[in-house]
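In numbering that gives the first Met the number 0, the protein residues as written are 0 to 321.
Ideal Cβ placement from N, Cα and C applies to all residues, glycine included.
Everything numeric in this text was worked out from a predicted model, so none of it was measured.
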Amino acid sequence: MPEMPEVEYTVRQLRTSLVGATIDEAMVFWERTIGRPDVATFRAEIAGRHITDVRRRGKFSLLDLSGDLFVAIHRRMTGNFFLLPSGWHIDTHLREEDPVAWRTKGPSFIPPHESDESLVQAASLQVLTEPVLSTKTAHCRVCFNLVDGRRLLFTDPRKFGRIELWSRQQEAEAFKGLGPEPLSENFTVAFLTEALAKGKTSIKQVLLAQDIIAGIGNIYADEALSYAGIHPLRRADSLTAAEIHLLHEGIVAVLTTGIEHGGTSFNDYRDMWGEAGDNYSHMRVYKKHRQPCGHCGTLIERIPIAQRSTHFCPACQRLTGE
DNA sequence: ATTTAGACCTGTCAGC
DNA sequence: TGCTGACAGGTCTAAA
0 MPEMPEVEYT VRQLRTSLVG ATIDEAMVFW ERTIGRPDVA TFRAEIAGRH
50 ITDVRRRGKF SLLDLSGDLF VAIHRRMTGN FFLLPSGWHI DTHLREEDPV
100 AWRTKGPSFI PPHESDESLV QAASLQVLTE PVLSTKTAHC RVCFNLVDGR
150 RLLFTDPRKF GRIELWSRQQ EAEAFKGLGP EPLSENFTVA FLTEALAKGK
200 TSIKQVLLAQ DIIAGIGNIY ADEALSYAGI HPLRRADSLT AAEIHLLHEG
250 IVAVLTTGIE HGGTSFNDYR DMWGEAGDNY SHMRVYKKHR QPCGHCGTLI
300 ERIPIAQRST HFCPACQRLT GE
């Protein structure tokens, strides 16, 4: 679900709120979410650590911890962070009452009592009425309790997300499968030209390959190709120099505007406060099949490429001829 | 050596 | 209104 812009936007929010905080403990409600090392070691190692920075690499969110460790979180399709103010209580009674429902739903969170002074803090943080909050805290798989009483929730309905613990010495190993950051100075037209020259497959598949460029997913691949007027089925090594130049420009443009608009939300993506991003209103083709192209009026098409839905304008993005 | 279908999971929405 | 099936921001791996 989240691609680079969604991850980057949330990471920036988390950085302003979490740097300097101390983790008391992690509560794990779905064990497979912890991908490395085992759950017991993970919990033992992070307890008591300070969060020294929050960063991003590709689609990974990184929590740097004291003691030269870092937590790498991949949100996959439906993973989200939610920062719960202090004073809220965690309710796990479902674990005993209905173990089957517990496995999918996880714990629920209940507001502080009116006598609790931390209610004042919670109230100052907008929108935290119980019915609204219950949707934002649903499907909690891992809950990081901070020493100051706040909780960082990792919610993930589909359970595809993964959380790993690494030492800083292992950082190269942790990200060995990732290509350059598309918004860094390493991502040049020359680099893209060289990478595409090796691509025997469709340009759409190459854009999705994290070992070539890190962070582009299904939305921004379609949007970048639309920007450049390139058909998604074009062989990567067939693009002209002019097309590569436009594509490079398109990748940078759609990712940058995606971040500026707080990311793209359909069903699942939410920021740290559980709010949707509004980038969808700025998009050209993604999920707009059977709607007219904003440029020429031709109906946008949707076709599968490598089992991913792919959206494009058949008039603006031609496969053959000029 | 590459492609591709299947697996991992749950929720939502279009269409009959 | 109710059921069924298609589909979902991702990535790994077994099978072809």
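Roughly how many whole angstroms lie between the Cα atoms of residue i and residue j?
{"i": "R11", "j": "T136", "result": "20 angstroms"}
{"i": "E193", "j": "L232", "result": "19 angstroms"}
{"i": "C292", "j": "I299", "result": "6 angstroms"}
{"i": "R14", "j": "F190", "result": "30 angstroms"}
{"i": "T91", "j": "C139", "result": "11 angstroms"}
{"i": "W101", "j": "R289", "result": "40 angstroms"}
{"i": "A220", "j": "L151", "result": "31 angstroms"}
{"i": "W29", "j": "R75", "result": "15 angstroms"}
{"i": "R54", "j": "L164", "result": "14 angstroms"}
{"i": "T323", "j": "P313", "result": "Absent from the model: residue 323. The displayed extent of the chain is 0 to 321, so no value can be given."}
{"i": "I250", "j": "S166", "result": "32 angstroms"}
{"i": "S107", "j": "S133", "result": "7 angstroms"}
{"i": "G34", "j": "E170", "result": "16 angstroms"}
{"i": "Q306", "j": "I243", "result": "25 angstroms"}
{"i": "R301", "j": "H310", "result": "5 angstroms"}
{"i": "N266", "j": "F159", "result": "16 angstroms"}
{"i": "V38", "j": "E95", "result": "21 angstroms"}
{"i": "P36", "j": "T256", "result": "36 angstroms"}
{"i": "E248", "j": "V27", "result": "42 angstroms"}
{"i": "L322", "j": "E172", "result": "No statement about residue 322 is possible, as the shown extent of the chain runs from 0 to 321 and does not include it."}
{"i": "F80", "j": "V188", "result": "34 angstroms"}
{"i": "S16", "j": "F59", "result": "18 angstroms"}
Residues in the same chain with beta-carbon distance under 7 angstroms from residue i, minus the five sequence neighbours each way, listed in chain order, please.
{"i": "L318", "result": "H230, L232, R233"}
{"i": "S65", "result": "R48, H49, T51"}
{"i": "I258", "result": "P4, E7, Y8"}
{"i": "R157", "result": "M76, T77"}
{"i": "I218", "result": "E2, T263, Y285"}
{"i": "L195", "result": "V205, A235, D236, L238, I243"}
{"i": "H260", "result": "G276, D277, N278, H281"}
Short of 8 angstroms in beta carbon distance, which residues of its chain neighbour residue i, apart from the five on each side in sequence? Order them along the chain.
{"i": "A240", "result": "T192"}
{"i": "A25", "result": "F41, R42, I45, A46, V141, C142, F143, N144"}
{"i": "Q168", "result": "D67"}
{"i": "K104", "result": "L93, A137, H138"}
{"i": "C295", "result": "C312, A314, C315"}
{"i": "I304", "result": "S201, K203, Q204, P231, L232"}
{"i": "D23", "result": "A46, G47, N144, L145, V146"}
Nearest by alpha-carbon distance to residue i: which of the options is it?
{"i": "V18", "options": "Y226, S308, D63", "result": "D63"}
{"i": "K287", "options": "S308, D267, E274", "result": "S308"}
{"i": "Y279", "options": "M271, Q290, Q209, S264", "result": "S264"}
{"i": "H73", "options": "F174, F28, G257", "result": "F174"}
{"i": "G78", "options": "F108, I162, S237", "result": "I162"}
{"i": "V70", "options": "K199, T32, A235", "result": "T32"}
{"i": "H281", "options": "A171, G216, G262", "result": "G262"}
{"i": "F186", "options": "I109, E5, G57, I302", "result": "G57"}
{"i": "D155", "options": "N217, Q306, P1", "result": "P1"}
{"i": "L61", "options": "I109, P106, L82, T9", "result": "T9"}
{"i": "S183", "options": "I243, Q306, A252, L132", "result": "A252"}
{"i": "I215", "options": "G34, P181, A305", "result": "P181"}
{"i": "K197", "options": "F59, E172, L238, P36", "result": "L238"}
{"i": "D236", "options": "E248, K199, F80", "result": "K199"}
{"i": "R269", "options": "E172, V27, S16, F153", "result": "F153"}
For residue i, which residues in the same chain have their Cβ closer than 6 angstroms to its Cβ, ignoring the five residues on either side in sequence?
{"i": "T21", "result": "H49, V146"}
{"i": "S225", "result": "R283, V284"}
{"i": "G176", "result": "D210"}
{"i": "I109", "result": "H88, D90"}
State the CB to CB distance for the pair residue i and residue j, rounded to an integer number of angstroms; the pair is presumed to be in contact (CB under 8 angstroms).
{"i": "K98", "j": "R149", "result": "Looking at the sequence itself, residue 98 is Pro, so the reference to Lys does not match. Contact flag wrong, Cβ pair sits at about 29 angstroms."}
{"i": "A213", "j": "G178", "result": "5 angstroms"}
{"i": "A227", "j": "L254", "result": "Not quite, the Cβ-Cβ distance comes to about 14 angstroms (not below 8 angstroms), so this is no contact."}
Check whether the Cβ of residue i sits closer than 8 angstroms to any heavy atom of the ligand SAM, and report yes or no.
{"i": "R283", "result": "No copy of the ligand SAM appears in this structure; indeed no ligand is present at all."}
Three CB pairs or more closer than 8 angstroms across the region 268-283 and the region 201-208 = no
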